[in-house]
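The structure under discussion appears below in the form of structure tokens.
Protein chains in written order, with this note's numbering: chain X, -9 to 126; chain R, -10 to 115.
This is the structure:
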């Protein structure tokens, strides 16, 4: 029963990620800490693995549109190896409380960015619609 | 390398810097790092938003794998939970993207942003 709840949480996280264009991580981590009860460290580490199938699927669905520059994505990926390992050690050594507060701050920043983007998109749509047509 | 048709502002050094930043960000916060990578691709590489978002998603596959391997070696990854959340999320994302085309998302976005702030508060006070 608890397994079912966690799986449903995964579906919900995916819906929200797809709907608002945010990565799964900002939803996986709070879900894993607040609902499943993992520590902040374990929730973050587990979220990273959970992101992989979602990003794979998203990229697969994007391939037809031709927006992905794989060479550039590959360079970014290769360049991230050392810092990702360092980051994991830093998170592992950091006090649980510090990780939590830092993550909460990230959530607030992401929320602000979402609002700004939404407002910009709404304005762009309004501009594209143009001024009301006037009689010639 | 024959990409002269696209307006490129940056090259390999910029991509390496973005990758280095993304690796640290991702492994420390447990997120993909799109919030960081997308704006950097736009400002440093001259990408348009759509190309930046799509390329960031592809880059995140690699970045998240390194973070997982490192955290896994440290014993921090709960593999069962990751699959239990990650695989159903694949279904969820497909649903979410389809819903996005049918729903007016502006008001929903503000509601969701408010919810994120509430979750942030909950994380700190709990």
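Note that CB positions come from ideal geometry on N, CA and C, so glycine has one too.
Any chain X beta carbon closer than 8 Å to residue 112 of chain R | yes
Alpha carbon to alpha carbon, how far is residue 113 of chain R from residue 39 of chain R?
-> 34 Å
Taking Cβ positions, are residue 70 of chain X and residue 11 of chain R nearer each other than 8 Å?
-> Yes. Within cutoff.
Using DSSP with H/G/I as helix, E/B as strand and the rest coil, what is residue 37 of chain R?
-> coil
Starting from the beta carbon of residue 33 of chain R, find every residue of chain X whose beta carbon is closer than 7 Å, and list them in chain order.
-> None at all; the shortest Cβ gap to chain X is about 11 Å.
Measure the alpha-carbon distance for residue 22 of chain X versus residue 98 of chain R and round it to whole angstroms.
-> 22 Å
On the three-state DSSP scale, how would you describe residue 86 of chain X?
-> helix
By the criterion of Cβ-Cβ separation under 7 Å, what are the contact partners of residue 121 of chain R in chain X?
-> There is no way to answer for residue 121 of chain R, as the model of chain R reaches only from -10 to 115.
What's the C-alpha gap between residue -4 of chain X and residue 33 of chain X?
-> CA-CA distance, residue -4 of chain X to residue 33 of chain X, rounds to 13 Å.
Runs of alpha helix (DSSP H) lying entirely within the segment 3 to 30 of chain X, each at least 4 residues, in chain order | 15 to 20
Cβ-based burial, residue 57 of chain R [other Cβ within 10 Å; buried from 16] = buried
Looking at residue 45 of chain R and residue 20 of chain R, is the spacing between their C-beta atoms short of 8 Å?
-> no
Ends of the alpha helix (DSSP H) at residue 64 of chain X?
-> Where residue 64 of chain X is concerned, the enclosing alpha helix (DSSP H) stretches over 60 to 69.
Out of curiosity, what's the CA-to-CA distance linking residue 69 of chain R and residue 13 of chain X?
-> 20 Å
Where residue -8 of chain R and residue 90 of chain X are concerned, what is the direct C-alpha to C-alpha distance, given to the nearest angstrom?
-> Below a pLDDT of 50, predicted positions are generally treated as unreliable, and residue -8 of chain R, at 46, falls in that range; the measurement from the model is reported next regardless. Cα-Cα distance, rounded: 43 Å.
Nearest to residue 102 of chain R (by Cα), restricted to the options X:17, X:-1 and X:-8 | X:17
Grab the span of the alpha helix (DSSP H) containing residue 67 of chain R for me, first residue to last.
-> Where residue 67 of chain R is concerned, there is no enclosing alpha helix (DSSP H), given that its DSSP letter is neither H nor E.
CA-to-CA distance, residue 41 of chain X to residue 108 of chain R, given in whole angstroms | Spanning the two alpha carbons is a distance of roughly 20 Å.
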